[in-house]
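What follows is one structure encoded as structure tokens, with my remarks underneath.
In our numbering, the protein residues as written are 69 to 275.
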């Protein structure tokens, strides 16, 4: 969605319009204001929504991306050491390339190829790596957001007992979701990761 150092103004504008429309759909019919208490450590789902367009086919191609272990597990802050190592490694080893350049499609979510990947592809790679490292899949949720410049973007949410932390291809730092300054629009449902939920928190929405 967002490629540093390259000019995709038209693509970003089209994506921004698309996400604005998606945000309007999410807000429609939402009875509660999009607010959360200031100390809310985890992103809270508002209601079920359609998955992002590019997500179509992901569950069929990568069963782990939509898997649920069914195990009750504790996940402390110590996992952040592993997460930061993997986040940095994947960010450094993967070239950023837009879907329209690589696949000739506006949106196609897949693991990075030898040519690289975009933000959703980075998130998938990190989810796969953390699952291989022993983190249960329902603790790893891909989310779509607006970044600080209100550009459409995607990140991986690591759900620890202490709160939700963000793995992002735009930074090697892992921080709590509030610290990103991002507007969180929707994310995979932890109870059923093949489904998506509106979140509507942070950034321009507050909460």
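Backbone N, C-alpha and C fix where the C-beta goes; we use that ideal spot for every residue, glycine too.
Top-ranked residue by Cα proximity to residue i, from the options
i	options	result
residue 136	275, 199, 266 and 252	199
residue 231	178, 121 and 148	148
residue 202	252, 146 and 173	146
residue 120	174, 155 and 152	174
residue 276	178, 252, 176 and 126	Because the chain spans 69 through 275 in this model, residue 276 falls outside it and cannot be assessed.
residue 218	181, 113, 249 and 126	249
residue 216	247, 113, 155 and 110	247
residue 126	211, 157, 179 and 159	179
residue 153	211, 194 and 212	194
residue 272	229, 225 and 213	213
residue 197	115, 270 and 226	226
residue 177	157, 222 and 113	222
residue 186	122, 116 and 133	122
residue 159	190, 270, 109 and 262	190
residue 134	118, 181 and 263	263
residue 192	114, 261 and 118	261
Reduced DSSP secondary structure (H/G/I, E/B, other) of residue i
i	result
residue 237	coil
residue 248	helix
residue 121	helix
residue 170	helix
residue 272	helix
residue 75	Confidence at residue 75 is low in this model, with a pLDDT of 38, below 50, so the placement of that residue is unreliable and no value is reported for it.
residue 92	At residue 92, the pLDDT of 48 sits below 50, so the modelled position is not reliable; the number obtained from the coordinates is stated separately. It is helical.
Segment limits, beta strand (DSSP E) that includes residue i
i	result
residue 265	260-269
residue 158	That residue, residue 158, is in no beta strand (DSSP E); its alpha helix (DSSP H) goes 147-161.
residue 210	208-214
residue 224	220-227
Residue range of the unbroken alpha helix (DSSP H) whose run includes residue i
i	result
residue 126	126-129
residue 189	187-200
Interface flag, residue i vs chain D, CB-CB below 8 Å
i	result
residue 261	In the displayed structure, chain D is absent; only one protein chain is listed.
Taking three-plus beta-carbon pairs below 8 Å as touching, is the stretch 235-244 in contact with the stretch 257-268?
no
The stretch 226-240 / the stretch 165-177 touching (three or more Cβ pairs under 8 Å)
no
Taking one C-beta from the stretch 134-146 and one from the stretch 204-223 each time, how about it: are there three or more such pairs within less than 8 Å?
yes
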